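J.: Take a look at the following structure, please.
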Amino acid sequence: MKKICTGIIIACALFVCGCSEKRTAPSPISKTVFEPVDARATVTVAEKRVIRNVQYRYGTVVPRTEGIYAKSSGTIGEVYYRIGEEVGKYDILLEYDVDAVKAELDELDEKIAALTDERDAALSVFDEETEQLEIRAGEGGMDGELAALLLLERDKERDALGREYDATLDVYDREYSQLSVTLSGSRVYATCSGIISECRVSEHSYAGAGSLLMAVTDDSDLYIRLTDSNMSDLSASVIDGMKSALAYIGGKTYPVTFRGREGTGNSLLDIDLSSDESVKAGDSVIVELMDGGSDEAVLSVAKDAVFFDGSVSYVYVLGEGIRRRVDVTCGIFDDYYIQITGGDIREGDEIYVP
41 MKKICTGIII
51 ACALFVCGCS
61 EKRTAPSPIS
71 KTVFEPVDAR
81 ATVTVAEKRV
91 IRNVQYRYGT
101 VVPRTEGIYA
111 KSSGTIGEVY
121 YRIGEEVGKY
131 DILLEYDVDA
141 VKAELDELDE
151 KIAALTDERD
161 AALSVFDEET
171 EQLEIRAGEG
181 GMDGELAALL
191 LLERDKERDA
201 LGREYDATLD
211 VYDREYSQLS
221 VTLSGSRVYA
231 TCSGIISECR
241 VSEHSYAGAG
251 SLLMAVTDDS
261 DLYIRLTDSN
271 MSDLSASVID
281 GMKSALAYIG
291 GKTYPVTFRG
301 REGTGNSLLD
311 IDLSSDESVK
321 AGDSVIVELM
331 DGGSDEAVLS
341 VAKDAVFFDG
351 SVSYVYVLGE
361 GIRRRVDVTC
371 GIFDDYYIQI
381 TGGDIREGDE
391 IYVP
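For the sequence shown, my numbering assigns the number 41 to the initial residue and increments by one for each residue that follows.
Below, the structure is given as structure tokens:
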């Protein structure tokens, strides 16, 4: 009886194990290799292709805007244009208050003359006292070493006082030079045609050297400003190394050229509108940026065919009903293909794609 029970238990165990094996799903590789119906969907061929690195960025069409900056400090006398008014290149935008500049120059002249006289008088006192010390020392009325020390201290005090006066005079001289420049260039001109889009000065207001006075916007000269997903400006480094670009605006394609903008680090691109003037400031843009990529066709496979394990990359080469792992070195890539620069891969090899 025990033998019969033991046999039944063994038979049941074998039956269960056999069922478990039957329920094991075949590996995806086996399906890929042995089901030719899916071969085109799961196999890529190593071929030589020209690869271009393509990036897509979002942007906005913006008009050219030129800032007009103060070359010198001074009080504004007359402002001839307001926001929204049209100006031509070289039109006079504003003039400094020449009378005020002349008055300031006269005042500085007086300050410089008075301070110079004060400095000369103060230094003369030191010179007289030094001369008296030298006389006393020469006549024996003072110890020689003590006289030498006193003379040295007096020289240091005189030099310090002179430097203090000279520092103040240097400040006055710089102010005088700036005002002289203002007087000689009291008129400020537009550097381009357009509309006054910003005005930060008014009559009798003060403008410091280097400050923005006005901005002129030319709607006929358009750029593309690239932005990220948060609509923040992208830096100019985004277009470094890019060789060509296309802009997609309102369902149309426009060639784009690269042009730097002085005084800004933003990525700005020129739009070639020679064939169409329908593009307007504020239009949304998708920009296709392409670098040089490969000048000639290079051995490549579909990007999905390459597996990565840490720093190691590899593919599965198919042949004779089996798959063979091959470690590879990858190069440049685009949206679909990746270059194979090293590894036992030959043109025409069939590569598994999961």
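Every residue, glycine too, gets a C-beta built ideally from N, C-alpha and C.
Computed from a predicted structure; not experimentally measured.
How big is the Cα-Cα spacing for residue 130 and residue 233?
T.: Along the sequence shown, one-based indexing puts residue 130 at 90. Along the sequence shown, one-based indexing puts residue 233 at 193. Taking the straight line from one Cα to the other gives about 8 angstroms.
J.: In the DSSP assignment, find the beta strand (DSSP E) that holds residue 382 and state where it starts and stops.
T.: Your numbering for residue 382 matches position 342 in the sequence shown. Unbroken beta strand (DSSP E) run through residue 382: 377-382.
J.: So, with DSSP's three-state summary, where would you put residue 243?
T.: Along the sequence shown, one-based indexing puts residue 243 at 203. In this structure, residue 243 counts as coil in the three-state DSSP scheme.
J.: Could you give the first and the last residue of the continuous beta strand (DSSP E) run that contains residue 103?
T.: Looking up residue 103 in the sequence shown gives position 63. Start and end: 94-109.
J.: Measuring straight from C-alpha to C-alpha, what distance separates residue 247 and residue 227?
T.: Taking the sequence shown and counting its residues from 1, the one referred to as residue 247 is at position 207. Taking the sequence shown and counting its residues from 1, the one referred to as residue 227 is at position 187. C-alpha separation (whole angstroms): 13 angstroms.
J.: If you check the beta carbons only, do residue 120 and residue 106 fall under 9 angstroms apart?
T.: Taking the first residue of the sequence shown as position 1, residue 120 is located at position 80. Taking the first residue of the sequence shown as position 1, residue 106 is located at position 66. Going by C-beta atoms, residue 120 is not nearer than 9 angstroms to residue 106.
J.: Can you look up residue 161 in the DSSP assignment and give me helix, strand or coil?
T.: Taking the first residue of the sequence shown as 1, we reach residue 161 at position 121. DSSP places residue 161 in helix when its eight states are reduced to three.
J.: Please report the residue range of the beta strand (DSSP E) in which residue 313 lies.
T.: In the sequence shown, residue 313 corresponds to position 273, counting from 1. Note, residue 313: premise wrong, no beta strand (DSSP E); not H, not E.
J.: Counting C-beta neighbours from all protein chains within 10 Å, is the total for residue 139 16 or more, i.e. buried, or is it exposed?
T.: The count along the sequence shown starts at 1 and reaches residue 139 at position 99. So residue 139 counts as exposed.
J.: Report back the beta-carbon spacing between residue 114 and residue 222 to the nearest angstrom; my notes put them in contact at under 8 angstroms.
T.: As a working mapping, residue 114 is identified with position 74 in the sequence shown. As a working mapping, residue 222 is identified with position 182 in the sequence shown. About 4 angstroms; that satisfies the 8 angstroms criterion.
J.: Tell me, to the nearest whole angstrom, how far the beta carbon of residue 340 is from that of residue 391; I am working on the premise that it is less than 8 angstroms.
T.: Taking the first residue of the sequence shown as position 1, residue 340 is located at position 300. Taking the first residue of the sequence shown as position 1, residue 391 is located at position 351. Rounded, the Cβ-Cβ distance is 10 angstroms, inconsistent with contact.
J.: Are the beta-carbon atoms belonging to residue 265 and residue 101 less than 9 angstroms from one another?
T.: The residue you call residue 265 lines up with position 225 of the sequence shown. The residue you call residue 101 lines up with position 61 of the sequence shown. Yes. Within cutoff.
J.: Taking the C-alpha atoms as reference points, what is the distance between residue 193 and residue 250?
T.: As a first step, residue 193 must be located in the sequence shown, where it is residue number 153. As a first step, residue 250 must be located in the sequence shown, where it is residue number 210. Rounded to whole angstroms, residue 193 to residue 250 spans 44 angstroms at the Cα level.
J.: Taking all protein chains shown into account, do 16 or more other C-beta atoms lie within 10 angstroms of the C-beta of residue 302, making it buried, or fewer, making it exposed?
T.: One-based indexing of the sequence shown puts residue 302 at position 262. Confidence at residue 302 is low in this model, with a pLDDT of 42, below 50, so the placement of that residue should be treated as unreliable; the coordinate-derived value is given next. By the neighbour-count rule (16 or more Cβ atoms within 10 Å), residue 302 is not buried but exposed.
J.: Where are the beta strand (DSSP E) runs, 3 residues long or more, that stay fully inside the segment 117-151, in chain order?
T.: Counting only runs of 3 or more, we get 132-136.
J.: In or out: residue 112 buried (at least 16 other Cβ within 10 Å) or exposed?
T.: Walking along the sequence shown from the start, residue 112 turns up at place 72. Answer is buried; the Cβ neighbour count reaches 16.
J.: Can the beta-carbon of residue 342 be found less than 9 angstroms from the beta-carbon of residue 376?
T.: Indexing the sequence shown from 1 puts residue 342 at position 302. Indexing the sequence shown from 1 puts residue 376 at position 336. Contact: yes.
J.: Taking the continuous beta strand (DSSP E) assigned at residue 365, which residues delimit it?
T.: Residue numbering aside, residue 365 sits at position 325 when the sequence shown is read from its first letter. From DSSP, the beta strand (DSSP E) with residue 365 extends over 362-373.
J.: Taking the beta carbon of residue 186 as the centre, do at least 16 other beta carbons fall within 10 Å, making it buried, or is it exposed?
T.: Residue mapping note: residue 186 aligns to position 146 of the sequence shown, counting from 1. By the 10 Å Cβ count, residue 186 comes out exposed.
J.: Starting from residue 389, trace the beta strand (DSSP E) both ways and give me its first and last residue.
T.: Within the sequence shown, numbered from 1, the residue matching residue 389 stands at position 349. Unbroken run through residue 389: none, as it is neither H nor E.
J.: Taking 9 angstroms as the cut-off, decide whether the C-beta atoms of residue 326 and residue 319 are in contact.
T.: In the sequence shown, counting from the first residue as 1, residue 326 sits at position 286. In the sequence shown, counting from the first residue as 1, residue 319 sits at position 279. Against a cut-off of 9 angstroms, the Cβ pair of residue 319 and residue 326 comes out as no contact.
J.: Start and end of the beta strand (DSSP E) containing residue 88?
T.: Here residue 88 corresponds to residue number 48 of the sequence shown, with the count starting at 1. Residues 87-89.
J.: Give the secondary structure of residue 220 by DSSP, where H, G and I count as helix, E and B as strand, and everything else as coil.
T.: Reading the sequence shown from its first residue, position 180 is the one you call residue 220. Helix.
J.: Quick one: what's got a C-beta closer than 8 angstroms to residue 148's C-beta in the same chain, skipping five residues either side?
T.: Here the question's residue 148 lines up with position 108 in the sequence shown. So the qualifying residues of the chain are 212, 215, 216 and 219.
J.: Rounded to whole angstroms, how far is the Cβ of residue 323 from the Cβ of residue 290, which I believe are closer than 8 angstroms?
T.: Position 283 of the sequence shown, counting from 1, holds the residue named residue 323. Position 250 of the sequence shown, counting from 1, holds the residue named residue 290. About 7 angstroms; that satisfies the 8 angstroms criterion.
J.: Nearest to residue 167 by CA position, among 198, 344, 128 and 229, is which residue?
T.: Position 127 of the sequence shown, counted from the start, is the residue given in the question as residue 167. Among 198, 344, 128 and 229, the Cα nearest to that of residue 167 belongs to 198.
J.: When you compare the CB positions of residue 236 and residue 155, do they come within less than 9 angstroms of one another, or not?
T.: By one-based count along the sequence shown, residue 236 stands at place 196. By one-based count along the sequence shown, residue 155 stands at place 115. Cβ atoms of residue 236 and residue 155: not closer than 9 angstroms.
J.: What are the partner residues of residue 349, as DSSP defines its beta bridges?
T.: By one-based count along the sequence shown, residue 349 stands at place 309. 352.
J.: What residue range does the beta strand (DSSP E) around residue 233 cover?
T.: Numbered from 1 along the sequence shown, position 193 holds the residue referred to as residue 233. Neither: residue 233 is in no beta strand (DSSP E) and is coded neither H nor E.
J.: What did DSSP end up calling residue 187 once you bin it into helix, strand or coil?
T.: Here residue 187 refers to the residue found at position 147 when the sequence shown is read from its first residue. Helix, per DSSP.
J.: Between the Cα of residue 328 and the Cα atoms of 309, 313 and 317, which residue gives the shortest distance?
T.: The residue labelled residue 328 in the question sits at position 288 within the sequence shown. Looking at the Cα atoms, 309 is the closest of the given residues.
J.: Is residue 85 near residue 371, with beta carbons less than 9 angstroms apart?
T.: In the sequence shown, residue 85 corresponds to position 45, counting from 1. In the sequence shown, residue 371 corresponds to position 331, counting from 1. No, these two residues do not count as a Cβ contact at 9 angstroms.
J.: Let me know the secondary structure DSSP gives residue 320 once reduced to three states.
T.: Here the question's residue 320 lines up with position 280 in the sequence shown. Three-state DSSP puts residue 320 in coil, outside helix and strand.
J.: Look up residue 154 in the DSSP assignment and say whether it is helix, strand or coil.
T.: Reading the sequence shown from its first residue, position 114 is the one you call residue 154. Three-state result, residue 154: helix.
J.: Compare the beta carbon distance of residue 244 and residue 137 with 9 angstroms and say whether it is the shorter of the two.
T.: Reading the sequence shown from its first residue, position 204 is the one you call residue 244. Reading the sequence shown from its first residue, position 97 is the one you call residue 137. Taking 9 angstroms as the Cβ cut-off, residue 244 and residue 137 qualify as a contacting pair.
J.: How would you call residue 345, buried or exposed, if buried means at least 16 neighbouring beta carbons within 10 angstroms?
T.: Numbered from 1 along the sequence shown, position 305 holds the residue referred to as residue 345. By the neighbour-count rule (16 or more Cβ atoms within 10 Å), residue 345 is buried.
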